[in-house]
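Residue numbers (the numbering used here): 70 to 473. Notes follow once the structure below has been shown.
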Ligand code: ARG
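And the structure:
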């Protein structure tokens, strides 16, 4: 069509993103809506979702497998960064957004579209991540977020959809809001909105309960090269297979559940349940191999910057100058992060039982030992402590003079 107004829509197959299709056409006067759905290892069949977009009136419906770049370019850097938002959440949802946004932008630019659209509401973090990523990659593109504009209740939305050929959800919808991909599941809403209520077992799918998990512990070994996990129990695995293996091992033993009150970008506190068995296990083991191979000052500085890295990714600044600068620091440190970690999985726990690095261990036995091979110069400690504590001694000699 000449001068046809085109939009690329991030499409999930849900009620909201489906309603976006007629809404963009009717209210935003868009001629062509191109739906885009990504396979991020959520284990969901995407062909029905692709068809659903067409049924709802999309001109075209694209589905792409992005699992490999998701793990390689987003999850693995997060492992190197030991990224845990507020010390706990491994960003399983957050990491997917800049990847989806970058594909939306590429498609929009290729097709000469005027805007990128998404179905996020105004209360969440994902709208922030999409909007900021899109704006950082292609500031000239418009962003349409119909769900921030309409004021329809869920019931009204379903009715609106039905008018345009979008079937109402067949089964009684789960009371939870769930986001999932190969890095884990995030579960919100329903009864979970009471922060004092224990999450019912039904919300979990990737992790066993303590009760159901095996009585016998399972010890495994994870090997890292330059901060990247490369093998489990000596078997070299590509990033996607490694993530799958880590998920199933940790999940089987009930490791990887999180129940937290989280601070969203928009200022709201929310109660979040996550299960992210593989990613949490890999981060834990990665921290451990770093403790053996990085110097104390690099480690301390990195731990501070890791927090900032996680905040940036959570808050939508994947594509930003500060994130780039932090990546450079992290990448430099990871050259030395080589070795393996032994970890015992048992009843919801991942207990580190050993770490080893033949090339980069800074734990040197003849210096660390209490045995006869000790080469540490004990006498030097006296002079060291004299100077180390000199300022304190001066302070004490002045302030305590008259008190004893
Ligand atoms: N709070 C998480 C984040 O901001 C997950 C958001 C999506 N979760 C969901 N159940 N819809 O990354």
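Quick reminder that beta carbons are idealized off the backbone N, C-alpha and C, glycines included.
- Excluding its 5 nearest sequence neighbours in each direction, residue 227 has C-beta neighbours in its own chain below 7 Å: 84, 237, listed in chain order.
- For residue 213, there is no enclosing alpha helix (DSSP H); the residue is part of the beta strand (DSSP E) that begins and ends at 211 to 213.
- Here residue 87 is not near residue 296, since their CB atoms are 8 Å or more apart.
- Within 7 Å of the C-beta of residue 214 there is not a single heavy atom belonging to ligand 1.
- In this structure, the CA atom of residue 150 is about 42 Å from the CA atom of residue 126.
- A Cβ-Cβ distance of about 42 Å is found for the pair residue 391 and residue 286, leaving them out of contact under the 8 Å criterion.
- Scanning the region 266 to 345 from its first residue to its last, the whole beta strand (DSSP E) runs of 3-plus residues come out as 287 to 294, 297 to 301, 326 to 332, 338 to 344.
- Under DSSP, residue 133 shares a beta bridge with 107.
- Residue 106 has its alpha-carbon roughly 6 Å from the corresponding atom of residue 81.
- For residue 163, the CB falls within less than 7 Å of some heavy atom of ligand 1.
- For residue 153, DSSP assigns no beta-bridge partner whatsoever.
- Annotated three-state conformation of residue 80 is coil, per DSSP.
- Placement of the Cβ of residue 330 at a distance of 7 Å or more from every heavy atom of ligand 1 is found.
- Contact annotation: residue 308 and residue 140 have beta-carbon atoms nearer than 8 Å.
- Distance check between residue 256 and each of 330, 411, 170, 79 places 330 closest, using alpha-carbon atoms only.
- As a beta-bridge residue in DSSP terms, residue 424 pairs with 410.
- In this chain, residue 180 is not harboured by any alpha helix (DSSP H), its DSSP state being neither H nor E.
- Under the three-state reduction of DSSP, residue 88 is assigned to helix.
- The beta carbons of residue 453 and residue 206 sit no closer together than 8 Å.
- Here residue 250 has 109, 110, 111, 139, 161, 162, 165 as same chain residues with Cβ atoms under 8 Å from its own Cβ, once five neighbours each way along the sequence are excluded.
- In the three-state reduction of the DSSP assignment, residue 455 falls in the helix class, which pools H, G and I.
- In this structure, residue 185 lies away from residue 103, with their beta-carbon atoms at least 8 Å apart.
- For the 8 Å CB-CB criterion, residue 409 and residue 327 do not form a contact.
- The beta carbons of residue 359 and residue 368 sit about 6 Å from each other, so the pair counts as a contact at 8 Å.
- Here residue 425 has 408, 409 as same chain residues with Cβ atoms under 7 Å from its own Cβ, once five neighbours each way along the sequence are excluded.
- Each residue's CA atom was taken as its position, placing residue 363 and residue 433 some 13 Å apart.
- Remark: the shortest separation between the CB of residue 85 and any heavy atom of ligand 1 does not fall under 7 Å.
- Beyond the five residues adjoining it in sequence on each side, residue 235 comes within less than 6 Å, by CB distance, of 87, 125 in the same chain, given in chain order.
- Going by beta carbons, residue 269 and residue 277 fall outside the 8 Å limit.
- A distance criterion of 7 Å places the beta-carbon of residue 81 beyond contact range of ligand 1, judged by its closest non-hydrogen atom.
- The continuous alpha helix (DSSP H) containing residue 380 extends over residues 365 to 383.
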